[in-house]
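Numbering (full-length UniProt numbering), first residue to last: 1 to 327.
A virtual CB, placed ideally from N, CA and C, is assigned to each residue, including glycine.
Read through the structure below, which is laid out as structure tokens, and then see the notes.
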């Protein structure tokens, strides 16, 4: 299901992205199933480009496609134990690769899923950002917009609450899903996804907010099924019907606003959506480090600011500050 839906989306959907052809500063080379290159290795943007050029594979085809992972790190103890790129390990991960036994369970499963879909590269924050280098984090954290929007697909883990939990072997065989209070199930793919999404620890974490909003193709891994979702709809692996997505991506909304005959009206609608929907959703998210809150929505804000020309100030838009402070 995932392979066919991703291929259909590539052929038929025209999803907007940021910085077409963007390659992150670092990616994990993971090879493909049966390809004989199964060593996970950290590669720089320059190495990825050189390899693509040597293979005469560019554009949207070949090894420059990458998947991104959106997941919960978990408790401080779990996060501390996970395999990370740090200054002392950077050269080893690039020269000799990362031993499979060192990978956290969630990354090991993400590698397996990405390989099975014939994508050779994976972006994981813990391994593609140098975790003990403040300068590197300050350079990389504002780039989440292009990282996630240009990913071939993003894996979003609704059935894992920590990096120490794998997700491929934890899927139950039952067909039950918890529903948020007051909602009835029609059995369609969107109802199932909303139920799984609402019950997930992942959907309550701060950093996952913009990772979801900026991604164009979503592979959700739920407790008993996987889903593929893009702006054209959502499909569950246990049913052929297609449902409507609960919310379009930020980039899709920006595109529609710019296409509006009255662009000012489109911008006003976009700003109301920011104030009524996005801020409300984001305000309920949890952070291990509360000081990360502004940075964790900065890429979404940059997209909107670049489109509207509005100046952004710590969660508020200057031309609408008199409205946004009226609460």
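Residue j and residue i - do their beta-carbons sit closer together than 8 Å?
i: residue 220; j: residue 156; result: yes
i: residue 32; j: residue 115; result: yes
i: residue 128; j: residue 27; result: yes
i: residue 30; j: residue 90; result: no
i: residue 329; j: residue 303; result: Absent from the model: residue 329. The displayed extent of the chain is 1 to 327, so no value can be given.
i: residue 275; j: residue 237; result: no
i: residue 223; j: residue 150; result: no
i: residue 64; j: residue 79; result: no
i: residue 42; j: residue 94; result: yes
i: residue 44; j: residue 140; result: no
i: residue 243; j: residue 188; result: yes
i: residue 82; j: residue 126; result: yes
i: residue 72; j: residue 217; result: no
i: residue 285; j: residue 209; result: yes
i: residue 66; j: residue 122; result: yes
What residues in its chain sit with their C-beta under 7 Å from that of residue i, if we drop five residues either side in the sequence?
i: residue 74; result: 161, 162, 163 and 164
i: residue 166; result: 105, 106, 108 and 109
i: residue 148; result: 68, 154, 211, 214 and 215
i: residue 137; result: 129
i: residue 2; result: 117, 219, 226 and 228
i: residue 201; result: 72 and 161
State the DSSP-derived secondary structure class of residue i, mapped to helix, strand or coil.
i: residue 176; result: With a pLDDT of 46 at residue 176, under the threshold of 50, the modelled position of that residue is not reliable, and the figure given next carries that caveat. Here residue 176 sits in coil by DSSP.
i: residue 323; result: helix
i: residue 25; result: coil
i: residue 268; result: helix
i: residue 297; result: helix
i: residue 1; result: coil
i: residue 63; result: Legend: pLDDT at residue 63 = 46, less than 50; position of this residue unreliable, value from coordinates given subsequently. Correct three-state label for residue 63: helix.
i: residue 6; result: helix
i: residue 207; result: coil
i: residue 307; result: helix
i: residue 49; result: helix
i: residue 153; result: strand
i: residue 143; result: helix
i: residue 58; result: Because residue 58 carries a pLDDT of 39, less than 50, the predicted location of this residue cannot be relied on, and the following value inherits that uncertainty. The answer is coil: DSSP assigns residue 58 none of H, G, I, E or B.
i: residue 228; result: strand
i: residue 317; result: strand
i: residue 17; result: coil
i: residue 312; result: strand
i: residue 198; result: helix
i: residue 193; result: helix
i: residue 161; result: coil
i: residue 220; result: strand
In or out: residue i buried (at least 16 other Cβ within 10 Å) or exposed?
i: residue 322; result: exposed
i: residue 313; result: exposed
i: residue 194; result: buried
i: residue 152; result: buried
i: residue 88; result: exposed
i: residue 299; result: buried
i: residue 7; result: exposed
i: residue 5; result: buried
i: residue 288; result: exposed
i: residue 190; result: buried
i: residue 134; result: exposed
i: residue 283; result: exposed
Going along the chain, which residues of its own chain have a beta-carbon closer than 6 Å to the beta-carbon of residue i, five neighbours each way excluded?
i: residue 98; result: 40
i: residue 296; result: 206 and 207
i: residue 317; result: 310
i: residue 184; result: At residue 184, the pLDDT of 35 sits below 50, so the modelled position is not reliable; the number obtained from the coordinates is stated separately. The answer is none, since no qualifying residue turns up.
i: residue 203; result: 197
i: residue 308; result: 267
i: residue 186; result: Its pLDDT being 47, under 50, residue 186 is placed unreliably in this model, and the value from its coordinates should be taken loosely. Nothing meets the Cβ criterion.
i: residue 168; result: 109
Only counting the same chain, and skipping five residues up and downstream in sequence, which positions put a Cβ closer than 8 Å to that of residue i?
i: residue 49; result: 23 and 64
i: residue 142; result: 295, 298, 299 and 302
Whole alpha helix (DSSP H) elements within the region 78-132, 4-residue minimum: 90-95, 105-116 and 125-128
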